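Numbered continuously in the numbering used here, the sequence shown closes out at residue 515. Beta carbons are placed, not taken as given, at the ideal position from N, Cα and C, and that holds for glycine. Values in this document were obtained by computation on a predicted structure and should not be read as measured data.
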Amino acid sequence: MKNLLTAYLRGSMGNKTANKNKRAILVIVATYTLVGTLWIYFSEESLRWFISDRAAIIRLDIIKGTLFIFLTAYLLYVLISRYARQLLVSEGGRIANEERLELALSASKMGVWECDLRTNAIYWSPECFEILGLENLNHSLDSFTNALHPDDASRVMAAYTQALSKQIEYADEFRVILSNGDLRWILNCGQGKYDKEGKPLKLVGTVQDITERKKMEIALKEANELLEYRVRERTEELEQVNLTLLNEIQERKRVELEIIHYRGHLEELVRERTTALEARNKQLDAEIEQRKQAESALRNYAQRIIVLEEKMRRNIASELHDEIGRDLTALGLNFSIISNALSKDSREKLGSRVDDSICLIEDMGRNVRSMMTRLRPPVLDDYGLVSALRSHADQFAKRTGIAVDVQLEVIVPRLSDEIETTLFRIAQEALANVAKHAEASFVTLSLIGGDGRVRLSIEDDGQGFDPDLDRPKGPEAGWGLTIMRERAESVEACFSIASKPGQGTVVAVETGKDS
Numbered sequence: 001m002k003n004l005l006t007a008y009l010r011g012s013m014g015n016k017t018a019n020k021n022k023r024a025i026l027v028i029v030a031t032y033t034l035v036g037t038l039w040i041y042f043s044e045e046s047l048r049w050f051i052s053d054r055a056a057i058i059r060l061d062i063i064k065g066t067l068f069i070f071l072t073a074y075l076l077y078v079l080i081s082r083y084a085r086q087l088l089v090s091e092g093g094r095i096a097n098e099e100r101l102e103l104a105l106s107a108s109k110m111g112v113w114e115c116d117l118r119t120n121a122i123y124w125s126p127e128c129f130e131i132l133g134l135e136n137l138n139h140s141l142d143s144f145t146n147a148l149h150p151d152d153a154s155r156v157m158a159a160y161t162q163a164l165s166k167q168i169e170y171a172d173e174f175r176v177i178l179s180n181g182d183l184r185w186i187l188n189c190g191q192g193k194y195d196k197e198g199k200p201l202k203l204v205g206t207v208q209d210i211t212e213r214k215k216m217e218i219a220l221k222e223a224n225e226l227l228e229y230r231v232r233e234r235t236e237e238l239e240q241v242n243l244t245l246l247n248e249i250q251e252r253k254r255v256e257l258e259i260i261h262y263r264g265h266l267e268e269l270v271r272e273r274t275t276a277l278e279a280r281n282k283q284l285d286a287e288i289e290q291r292k293q294a295e296s297a298l299r300n301y302a303q304r305i306i307v308l309e310e311k312m313r314r315n316i317a318s319e320l321h322d323e324i325g326r327d328l329t330a331l332g333l334n335f336s337i338i339s340n341a342l343s344k345d346s347r348e349k350l351g352s353r354v355d356d357s358i359c360l361i362e363d364m365g366r367n368v369r370s371m372m373t374r375l376r377p378p379v380l381d382d383y384g385l386v387s388a389l390r391s392h393a394d395q396f397a398k399r400t401g402i403a404v405d406v407q408l409e410v411i412v413p414r415l416s417d418e419i420e421t422t423l424f425r426i427a428q429e430a431l432a433n434v435a436k437h438a439e440a441s442f443v444t445l446s447l448i449g450g451d452g453r454v455r456l457s458i459e460d461d462g463q464g465f466d467p468d469l470d471r472p473k474g475p476e477a478g479w480g481l482t483i484m485r486e487r488a489e490s491v492e493a494c495f496s497i498a499s500k501p502g503q504g505t506v507v508a509v510e511t512g513k514d515s
């Protein structure tokens, strides 16, 4: 070991004091810490700045981590080489300097080697034996090449020869076969020394065990591939669900347009028959009865559409919870297990990438829960109308910035599921209209009950309108008011809207004895 360090420390740095040697050690540690910190911070920020695709960021993280290992290994090699040359202060101080270098190498978990190209003899530091895991390693180059994995041997020797011929620094990753048959990944860096004619005399370098890093890279790559597969699979399922829901909505709108068109036709038919009332009194009575039956059938059909829509929303929300939510939870647990299993050194190298993957899974979980809430708020089924209205009002205020005064009374006994769903959907549609059209800054949401009646009202301080004059135009205009009115009629409730320009709007629905 002393001969190896003596040869490795040979240089022309001149005499240095003991204090300067201590400062040199601190420079190595500080430089490594600074470079590592700057690399981790700026590389992460740069990736997020230029790339928005999280899957691409995860793949680039593997490349960035490999580059980080090479750069830091080379940085340590350069710093240790510079420090080693400074340790050759004098003949009397050589032993102390060698001990400091051994301490630095041990702290960085690296071994030093030197190959005499004139004799092909290799000198190893004790750390090399431990890192390479070879008890029978001797001082010949053949003993080292025999330990290389057969698939790596030719490539390693070619890189070794190329570095000497071009007088460039040598850096390579390869596998060695341990005495028990296991494989170990090694990072090997070196630099040649040449005579005046450019003939190589010797090659000095370091070895570092990177097996854990390689295992983590493989595990992370497999996890990333699994995550991408799951994301693609669930995305396709969500697209199919969205397509189905869109088709249902379009079909519902088509049916409702037909209902409105048919209703208008009936009204026109009644007006035409009214002109012949005296002559066709008996026939008119029959036609009026038919009209009532048709309107009843239309209301029943509209109510059926509403029930089917709510059932579809509930089924879709349940599928999202049972399938996608379960898989995301399992995937998050797997990443947490990987994160907890990382060693301290591996955590410093790979922890940020694992944490980023966990954050991505959590974001997907929040998006799925948000979609479930929009389809069918679970609080309505679990805790009833009052809790659902209060939760939706809070979300509306946060999303739009419009203040909401919630005045809700608990209705005892609890209303039927059909009535609770109808009142909640009417409140939901009314608040949506406030956000779109009212230009309001304050909304009052109230629910009161008593004497067998329940009254829901939504009042805003917006610009208002004249319900008799400001009627929406176009084939699909005014859908919000029409849907709210038909929802109320489906549960035999009274629906009303009161508004004046500049005085806000009040939407109310009342169900009970006289509704």
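Span of the alpha helix (DSSP H), counted from its first residue to its last, around residue i
{"i": "N146", "result": "L141 to A147"}
{"i": "A153", "result": "P150 to K166"}
Bridge partner(s) assigned by DSSP for residue i
{"i": "V561", "result": "The first residue shown for the chain is 1 and the last is 515, placing residue 561 beyond what the model contains."}
{"i": "N188", "result": "D172 and V207"}
{"i": "C494", "result": "E510"}
{"i": "S499", "result": "T505"}
{"i": "A488", "result": "In DSSP, A488 forms no bridge with anything."}
{"i": "Y77", "result": "DSSP, once it has assigned bridges, lists no residue as partnering Y77."}
{"i": "K193", "result": "K202"}
{"i": "I177", "result": "L183"}
{"i": "I63", "result": "None; I63 has no bridge partner."}
{"i": "Y546", "result": "In this structure the chain extends from 1 to 515, so residue 546 is not present and cannot be described."}
Residue from the options with nearest C-alpha to residue i
{"i": "I186", "options": "R487, D417 and M110", "result": "M110"}
{"i": "A432", "options": "E251, L360 and D460", "result": "D460"}
{"i": "R230", "options": "E212, L331 and G264", "result": "L331"}
{"i": "N401", "options": "V443, I426 and Q428", "result": "A small fix is needed here, since residue 401 is Gly in this sequence, not Asn. Here the closest residue by C-alpha is V443."}
{"i": "A438", "options": "V406, D417, S499 and P413", "result": "S499"}
{"i": "P200", "options": "V207, V112 and S165", "result": "S165"}
{"i": "N468", "options": "I497, E492 and R487", "result": "Sequence check: residue 468 is Asp here, not Asn. Nearest option by C-alpha distance: I497."}
{"i": "T33", "options": "K196, R155, K349 and E267", "result": "K349"}
{"i": "T31", "options": "L75, S346, T66 and W49", "result": "L75"}
{"i": "V404", "options": "A427, T421, W124 and P413", "result": "A427"}
{"i": "E169", "options": "A73, R425, I361 and V354", "result": "A73"}
{"i": "D355", "options": "S343, D345 and S339", "result": "S339"}
{"i": "D182", "options": "L203, C189, L148 and P413", "result": "L148"}
{"i": "A171", "options": "L60, L203 and E127", "result": "L203"}
{"i": "N234", "options": "D382, I361 and S336", "result": "Going by the sequence as given, residue 234 is Arg instead of Asn. Closest by alpha carbon: I361."}
{"i": "D142", "options": "E429, L117 and E127", "result": "L117"}
{"i": "Q463", "options": "A440, G450, E289 and Y77", "result": "A440"}
{"i": "I177", "options": "R425, Y194, L132 and Q162", "result": "L132"}
{"i": "I483", "options": "I260, R326 and K398", "result": "I260"}
{"i": "I210", "options": "P413, T66 and K193", "result": "T66"}
{"i": "F129", "options": "L238, I458 and V207", "result": "V207"}
{"i": "G480", "options": "R425, G450 and A493", "result": "R425"}
{"i": "E127", "options": "G205, L79 and A430", "result": "G205"}
{"i": "L445", "options": "N146, K253, A508 and I249", "result": "A508"}
{"i": "A530", "options": "K64, E272 and L79", "result": "Any question about residue 530 goes unanswered here, given that the chain covers just 1 to 515."}
{"i": "A488", "options": "K436, E429, G452 and P501", "result": "E429"}
{"i": "D195", "options": "K215, Q167 and S179", "result": "Q167"}
{"i": "S179", "options": "Q250, D382 and N146", "result": "N146"}
Same chain, Cβ closer than 8 Å to residue i, neighbours up to 5 away in sequence not counted
{"i": "V454", "result": "I411, L415, I419, L423, L447, I448, E510, T511 and G512"}
{"i": "S140", "result": "N120, A121 and I122"}
{"i": "E212", "result": "S343, D345 and S346"}
{"i": "L333", "result": "none"}
{"i": "L243", "result": "none"}
Span of the beta strand (DSSP E), counted from its first residue to its last, around residue i
{"i": "E459", "result": "R453 to D460"}
{"i": "L132", "result": "Segment P126 to L132 is the alpha helix (DSSP H) holding L132; no beta strand (DSSP E) there."}
{"i": "V443", "result": "F442 to G450"}
Residues near residue i by beta carbon distance below 7 Å, same chain, minus five either side
{"i": "I62", "result": "E217, L220 and K221"}
{"i": "Q503", "result": "G464"}
{"i": "G384", "result": "R414 and E420"}
{"i": "T161", "result": "none"}
{"i": "G92", "result": "Bear in mind that the predicted position of G92 carries a pLDDT of just 47, short of 50, making it unreliable; the figure below should be weighed with that in mind. Result list for G92: empty, nothing under 7 Å."}
Same chain, Cβ closer than 6 Å to residue i, five either side skipped, listed in chain order
{"i": "P475", "result": "Residue placement at P475 is poorly supported in this model, since its pLDDT is 44, which falls under 50; the coordinates still yield a value, given next. Cβ neighbours of P475 beyond the five flanking positions: none."}
{"i": "V379", "result": "S387, A388 and S391"}
{"i": "D152", "result": "F174 and R175"}
{"i": "P377", "result": "A388"}
{"i": "A393", "result": "V404, V406 and L445"}
- Query: If you scan the stretch 378-416 from start to end, which runs of the beta strand (DSSP E) of 3 or more residues do you find wholly inside it?
  - Reply: 403-408
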